[in-house]
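In this note's numbering, the protein residues as written are 548 to 931. Worksheet for the structure shown next.
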Amino acid sequence: MGETVRQDDVLGQKASAARRAFEARGMSPAKALRRALSRAADVLWDLALVTHGVGQEMADQDGVVEMLPANTLLLLLDGPDGALGLAMIDREVMTGLIEVQTLLQVTQMPVEDRPLTQTDAAMVAPLIDATMERLARYLDGHPLQPQFEGYRYGAMIEDARAAGLLLDAAGYRSFRVSVDLALGRRRGELLLVLPDRPHAGEAAPDAEGGDDAPGPHERKMKLLPVQMDAVLCRLSLPLGAAQRLKPGDLIPLPPEALDGVSFVAGSGAAVAGGRLGQMNGMRAVRLAWPEGTPQGAAPPVMEEHDPAPEPLAPQLPMEEEPAPMPDLEPEEMAGDLPDLPPMEFDTGDFSFDAEPAEAGEDEAEEGGDFDFDFAAAPLDIEES
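The structure is reproduced here in structure tokens:
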């Protein structure tokens with residue numbers, strides 16, 4: 548009996564010694580967060596930031612929304628593998644951080660009750676990024692260290708309701724820190740909320756998927772609306788001809804425009820092209836590139852400065868040679884120019900079943916109108 552008691556004492560002493568050695572060379576997440584905040588403020592702005600306590604709590608999505616008070620600065624934190632965290636900074640702390648960057652000191656002036664802006668978030672972001680980087684480094688060797696790695700400032704969030712729409716984890720770790728700035732000139736709270744990821748740090752089974760592996764934000768990016776314009780061709784008009792345009796006028800297009808449709812993104816670059824036709828009574832475009840581009844053939848590129856097709860110039864009615872421009876002041880020129888009418892190409896008289904009309908010599912002499920039904924070219928869709 549006495550030997551059993553002595554053996555338990557020896558095991559207890561060894562366990563206590565091992566625990567003290569671990570605590571000596573490591574630190575808890577709360578201690579690491581306090582040290583990371585103080586060190587980040589000191590290195591960034593030579594600011595004395597003192598923490599007075601860290602409260603830890605586990606919460607679900609609804610619990611996190613209840614933690615976020617109104618009229619505070621809310622920041623979205625982008626983490627690894629699409630994980631999203633939150634940071635809350637009250638107005639007292641935010642004002643002190645802005646003052647130390649703009650006035651080089653923290654004052655005790657009353658806090659302004661004004662709408663929060665993206666500039667406020669950008670001024671606070673360096674402290675958040677530096678704190679998260681040091682927090683993960685200070686927890687080196689700790690079992691929870693993968694939970695805090697890889698987080699950086701992402702964007703500003705309007706309110707707690709908007710933040711709740713972004714939360715998708717089952718549980719969250721929250722750290723509420725009470726701080727004072729510049730020897731108590733400003734006192735307030737910071738709240739750090741990170742998703743609980745039990746498998747953080749473990750190698751994913753498909754981690755070696757290569758380029759075919761989906762990105763962390765692929766699912767959300769596919770839901771974003773994208774606007775593209777279908778361009779038949781580009782042409783140039785003399786100023787006199789453009790001034791004579793009125794609603795209902797037809798602008799002749801070359802027949803080859805049927806095969807030269809290009810899709811232009813918002814930046815002005817052509818991203819795809821094909822042939823205009825119709826399918827099921829609606830206008831349609833069969834893509835020829837980039838998927839269907841023949842080997843060795845370069846896709847057509849539509850630039851803003853591309854010259855107009857050659858056949859267009861003689862088709863425009865030109866009654867006489869334009870007179871030389873008189874010397875006018877810019878104000879006089881601007882006052883004489885009429886407003887351009889809106890250019891409506893779809894006048895409602897399209898017939899999807901009509902055959903393309905051939906322009907005769909008499910029509911060309913009278914006005915050069917070229918009546919071509921670009922929607923009448925069918926697309927032969929092969930059914931698989």
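In this text, a Cβ means the ideal position worked out from N, Cα and C, and glycines have one as well.
Within the DSSP secondary-structure output, F810 pairs in a beta bridge with A777 and A819.
Cβ contact annotation for P673 (same chain, cutoff 7 Å, sequence separation greater than five): L591, in chain order. For Q665, no beta strand (DSSP E) run applies; the uninterrupted alpha helix (DSSP H) run containing it begins and ends at Q665 to Y685, by DSSP.
By the CB criterion at 9 Å, L596 and G701 fall outside the cutoff. Proximity of the segment 770 to 779 to the segment 719 to 738 falls short of the contact definition, fewer than three beta-carbon pairs being nearer than 8 Å. Per DSSP, reduced to three states, the secondary structure at M614 is helical.
Separation of the CB atoms of M703 and L622 is rounded to 6 Å, and the pair is thereby assigned contact status at 8 Å.
Beta-bridge partners assigned by DSSP to W592: none are found. DSSP, read as helix, strand or coil, puts D706 in coil. Collapsing the DSSP output to three states places Q603 in a strand.
With respect to G718, D743 sits close: the two C-beta atoms are nearer than 9 Å. Of G820, K793 and P745, the smallest CA-CA separation from A777 is found for G820.
CA-to-CA, the gap between Q603 and L580 works out to about 11 Å. Scanning the segment 629 to 670 from its first residue to its last, the whole beta strand (DSSP E) runs of 3-plus residues come out as 631 to 636. With a cutoff of 9 Å on beta-carbon distance, L779 and V808 are scored as near each other.
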